[in-house]
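Enquirer: Structure incoming, see below.
Numbering (our numbering), first residue to last: 153 to 322.
Here it is as structure tokens:
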């Protein structure tokens, strides 16, 4: 028995709608988004630059703040260009691989952000409850391990999701 598979050469895409009914105002709606985008990028890059250049800020609390700024920068860079593309260029189509890549980064970075906030709370707990042991408990090596664990845990939790979603028919 011969089984014929129905295949097509059409590229599957998702259509992003934006704000329906307000297509004429997309230029005006994009102004706050663009301002927020530029503010987030400038603010986070400033935080990273100040922490990197000022030697007195090379302490655990500021390392965690730098991790949070990097995560926030990644979230901003993974979402807002698509939104601005809809508003400015009427780029409403997104391919499935691009959509799943964006999905992976948004969810992974959201989990990383949550993990970094948890690490920051542990840092403050140790600073308040065990101030004399602070420098021995939160060593630079331990901070790096906490950051790597945050990223790896988040990525490994989200990694199966795009592959499972790819199995569906769209």
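Just so it is clear, CB atoms sit at the ideal spot from N, CA and C, and this is done for glycine as well.
1. To the nearest angstrom, how far is the alpha carbon of residue 246 from that of residue 166?
2. In chain order, what residues of the same chain lie with their CB nearer than 7 Å to the CB of residue 260, ignoring the 5 residues before and after it?
3. Using the Cβ count rule (16 or more neighbours within 10 Å means buried), how would you classify residue 212?
4. Do you know offhand how far residue 300's Cα is from residue 265's?
5. Report, in whole angstroms, the separation of the C-beta atoms of residue 325 and residue 255, which I expect to be a contact under 8 Å.
6. Could you have a look at residue 291 and say whether DSSP puts it in helix, strand or coil?
7. Skipping 5 residues on each side, what residues in its chain have a beta carbon closer than 7 Å to that of residue 231?
Expert: Let me lay it out:
1. 5 Å
2. 306, 307, 310
3. buried
4. 12 Å
5. It is not possible to answer for residue 325, since the shown part of the chain is limited to 153 through 322.
6. coil
7. 258
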